[in-house]
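Q: Residue numbers (the numbering used here): 15 to 400.
Quick reminder that beta carbons are idealized off the backbone N, C-alpha and C, glycines included.
Since we're looking at a predicted model, the values are computed, not measured.
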Amino acid sequence: MRVLSILGTRPEAIKMAPLVLALQQEANVQSALCVTAQHRSLLDPIIDLFGLKPDFDLDIMEPNQSLNQLASRLMRKIDNVLEETKPDYVLVHGDTTTAMACGLAAFHRRIPVGHVEAGLRTGDMSQPFPEEMNRCVLDIFSTHLFLPTDAARRNAVKAGATGRLWVTGNTIIDAISLMKDKLLNDSDLRAGIEQRFPWLDPTRRLLLVTGHRRENFGSGVDGICVALKQLAKRDDLQIVYPVHPNPNIRGPVYVALGSSPNVKLIDPLDYLDFVWFMQRAHILLTDSGGLQEEGPFLGKPVLVMRDVTERPEAISAGTARLVGTDASRIVANVNLLLDDEEQYRRFGRRSNPYGDGLASRRIVDALCGRPVAELHIHDSVLASYV
Ligand code: UD1
Ligand code: UDP
């Protein structure tokens, strides 16, 4: 069986890496990997970290390219790979333009498509944009839907998905578990990371910030920067913000915060370093999807700078909260967690609604036609936390 996995951005690489590694172990599977390189600097270190060897690299990234440029170039280039490899299955992940365009190209060639992290929904086409549309489209034509939670399964059924469905857990838990073990078992590695960031202040609590969503460009980013400037006045807090290279983020963030004392703007971190930072952080402040899954796993409160989320499980479990991008609301929520120990303790409880680290195994079993022990973790975890 020939399986072609396709990925292009940082989160896809992190979440597909454990699956690609599991496929390589499978005797019945001829596994090939195509990176579109929708991202370049964000992608390559992850490929190296997990020891992946791409068979194809479409080298798509161009500075600040439009979604239509990106999608059309992707479809043209991936078609040559599909022609050459003639896969029995194509696997794509989540909701990026890489996933949508490459999945559609496979569909046009009547190649069965497996959608990893299927079924996520906010119910609002403008948030996240354009990801909500991408995941809706993928769920409709995919033949195999790998759903991280029971809620995702319900969304897929409601949307009329006609493919086969499996609740597998999210492969991000497979990935972060690998990183956590790596860090836990290697004190030299930990010491090396610590040495590379000598400016980290152990006497201050760490607020770790990420933000890159398109719907937050402009006023959303402005609100986030105003909030961080305000929070930086606290002498018990250190703010660290690895800034996404997207010029629509990087430009305004450096203009607004570049000279702000106590806001450390840095380049994006390699995944292993970033997991170390998350473990060290007191609070995660983010508009990212992945951090909403990683925070609960690590027992770190997540304040989500969005109005809606496709990841309601952590909100229900009480370990994540939607705070939007209004500066005063962000400041109030961070201050609450810093000043109210009981709130922090309840919020930062470890909860794991997104998986048990075996999602990749289940996906490989499903592809190989073996029985799959599906994961029904969500309801029981929530019951113990709500
Ligand atoms: C994309 C995904 C989004 C995902 C995010 C992860 C889509 C529609 N969106 O966001 O779901 O959460 O990636 O980060 O696919 N850039 C670099 N180097 C890089 C990566 C990006 O310089 O390694 C710059 C380039 O100017 C690029 C721009 O950032 O054109 C935007 O990259 P893009 O892949 O379009 O990011 P988003 O669409 O914002
Ligand atoms: N991440 C990273 N380095 C950073 C910031 C984030 O490795 O400097 C990781 C993070 O742990 C998560 C993933 O990147 O696994 C999230 O990617 P991103 O925020 O780009 O996309 P999203 O999750 O919003 O789709």
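1) What's the call for Leu396, buried or exposed, on a 16-neighbour Cβ count within 10 Å?
2) Just to check, is the beta-carbon of Val289 closer than 8 Å to a non-hydrogen atom of ligand 2?
3) Looking at Thr224 and ligand 4, is the gap between the Cβ and the nearest heavy atom below 8 Å?
4) If we ignore side chains and look at the alpha-carbon of each, how far apart do Gly265 and Gly177 end up?
5) Identify every residue that forms a DSSP beta bridge with Leu203.
6) Using a threshold of 8 Å, is the CB atom of Asn199 nearer than that to any non-hydrogen atom of ligand 1?
7) What residues in its chain sit with their C-beta under 8 Å from that of Ala170, if we drop five residues either side in the sequence?
8) Is the beta carbon of Val277 closer than 9 Å to that of Ala246?
9) Quick one, are the C-beta atoms of Thr50 and Leu88 less than 9 Å apart?
10) Can we count Asp301 as close to ligand 2, meaning its CB is less than 8 Å from some heavy atom?
11) Which residues in the same chain have their Cβ closer than 6 Å to the Cβ of Asp109, if we skip the five residues on either side of it in sequence?
12) Tell me the rounded alpha-carbon separation between Ser398 and His122.
13) May I ask you to check if the CB of Leu21 is nearer than 8 Å to at least one heavy atom of ligand 1?
14) I want to check one thing, is the minimum distance from the CB of Ser55 to the heavy atoms of ligand 1 below 8 Å?
15) May I have the straight-line CA-CA distance separating Thr99 from Leu350, to the nearest angstrom?
16) Under 8 Å from any heavy atom of ligand 1, does the C-beta of Gln306 make it?
17) Going by C-alpha distance, which of Pro142, Ile263, Leu352 is nearest Leu298?
18) If you drop the 5 nearest sequence neighbours on each side, which residues of the same chain put their C-beta closer than 8 Å to that of Arg204?
19) Distance cutoff 9 Å, beta carbons only. Does Ala41 sit that close to anything in chain B?
20) Tell me where the beta strand (DSSP E) around Pro256 begins and ends.
21) Which value, in whole angstroms, describes the spacing of the CA atoms of Ser55 and Glu76?
22) If I measure Cβ to Cβ from Thr224 and keep anything under 6 Å in the same chain, skipping five residues before and after, which residues do I get?
23) Taking just the CA atoms, how far does Gln44 sit from Asp321?
24) Starting from Val181, follow its DSSP beta bridges and name the residues at the other end.
25) Assign Ala27 to buried or exposed, taking buried as 16 or more other Cβ atoms, counted over all protein chains shown, within 10 Å of its Cβ.
26) Answer yes if the segment 369 to 383 comes into contact with the segment 267 to 274, meaning at least three C-beta pairs across the two stretches below 8 Å, and no otherwise.
A: Let's see:
1) Numbered from 1 along the sequence shown, position 382 holds the residue referred to as residue 396. Low confidence applies here, because Leu396 scores a pLDDT of 47, under 50, leaving its location unreliable and the question unanswered by this model.
2) Residue mapping note: residue 289 aligns to position 275 of the sequence shown, counting from 1. Within the cutoff, so yes.
3) Ligand 4 is absent from the structure shown, which contains only ligand 1 and ligand 2.
4) The count along the sequence shown starts at 1 and reaches residue 265 at position 251. The count along the sequence shown starts at 1 and reaches residue 177 at position 163. Cα to Cα, the separation comes out at about 42 Å.
5) In the sequence shown, counting from the first residue as 1, residue 203 sits at position 189. Per DSSP, none; premise fails for Leu203.
6) The residue you call residue 199 lines up with position 185 of the sequence shown. Flag unset: Cβ of Asn199 not near ligand 1.
7) Taking the sequence shown and counting its residues from 1, one reaches residue 170 at position 156. Only Ala132, Gly133, Asp153, Leu159, Leu161, Leu179 meet the Cβ criterion.
8) The residue labelled residue 246 in the question sits at position 232 within the sequence shown. The residue labelled residue 277 in the question sits at position 263 within the sequence shown. Cβ atoms of Ala246 and Val277: closer than 9 Å.
9) Position 36 of the sequence shown, counted from the start, is the residue given in the question as residue 50. Position 74 of the sequence shown, counted from the start, is the residue given in the question as residue 88. Yes, Cβ-Cβ distance for Thr50 and Leu88 is below 9 Å.
10) Residue mapping note: residue 301 aligns to position 287 of the sequence shown, counting from 1. It does: the Cβ of Asp301 is within 8 Å (strictly closer) of some heavy atom of ligand 2.
11) Along the sequence shown, one-based indexing puts residue 109 at 95. Around Asp109: Glu145, Asn148, Arg149.
12) Position 384 of the sequence shown, counted from the start, is the residue given in the question as residue 398. Position 108 of the sequence shown, counted from the start, is the residue given in the question as residue 122. At Ser398 the pLDDT is 40, less than 50, meaning the model places this residue with poor confidence and gives no usable figure here.
13) Position 7 of the sequence shown holds residue 21. No, Cβ of Leu21 sits at least 8 Å from all heavy atoms of ligand 1.
14) The residue you call residue 55 lines up with position 41 of the sequence shown. Within the cutoff, so yes.
15) Residue mapping note: residue 99 aligns to position 85 of the sequence shown, counting from 1. Residue mapping note: residue 350 aligns to position 336 of the sequence shown, counting from 1. About 54 Å.
16) On the sequence shown, residue 306 is found 292 positions in, with the first residue counted as 1. False, no ligand heavy atom lies under 8 Å from that Cβ.
17) The count along the sequence shown starts at 1 and reaches residue 298 at position 284. Closest option to Leu298, Cα to Cα, is Leu352.
18) For the purposes of this step, residue 204 is identified with residue 190 of the sequence shown, where counting begins at 1. Same-chain partners within the cutoff: Leu197, Trp290.
19) In the displayed structure, chain B is absent; only one protein chain is listed.
20) Residue numbering aside, residue 256 sits at position 242 when the sequence shown is read from its first letter. Note, Pro256: beta strand (DSSP E), 251 to 256.
21) Indexing the sequence shown from 1 puts residue 55 at position 41. Indexing the sequence shown from 1 puts residue 76 at position 62. Going from the Cα of Ser55 to the Cα of Glu76 covers about 11 Å.
22) Sequence index remark: in the sequence shown, residue 224 carries index 210 (1-based). Cβ contact annotation for Thr224 (same chain, cutoff 6 Å, sequence separation greater than five): Thr300, Ser302, in chain order.
23) Here residue 321 refers to the residue found at position 307 of the sequence shown. Here residue 44 refers to the residue found at position 30 of the sequence shown. Whole-angstrom Cα-Cα distance: 42 Å.
24) Translated into positions along the sequence shown, residue 181 becomes position 167. Beta-bridge pairing links Val181 to Leu161.
25) Here the question's residue 27 lines up with position 13 in the sequence shown. Counting Cβ neighbours within 10 Å, Ala27 comes out buried, since at least 16 surround it.
26) Judged by Cβ distances under 8 Å, the segment 267 to 274 makes no contact with the segment 369 to 383, as fewer than three pairs qualify.
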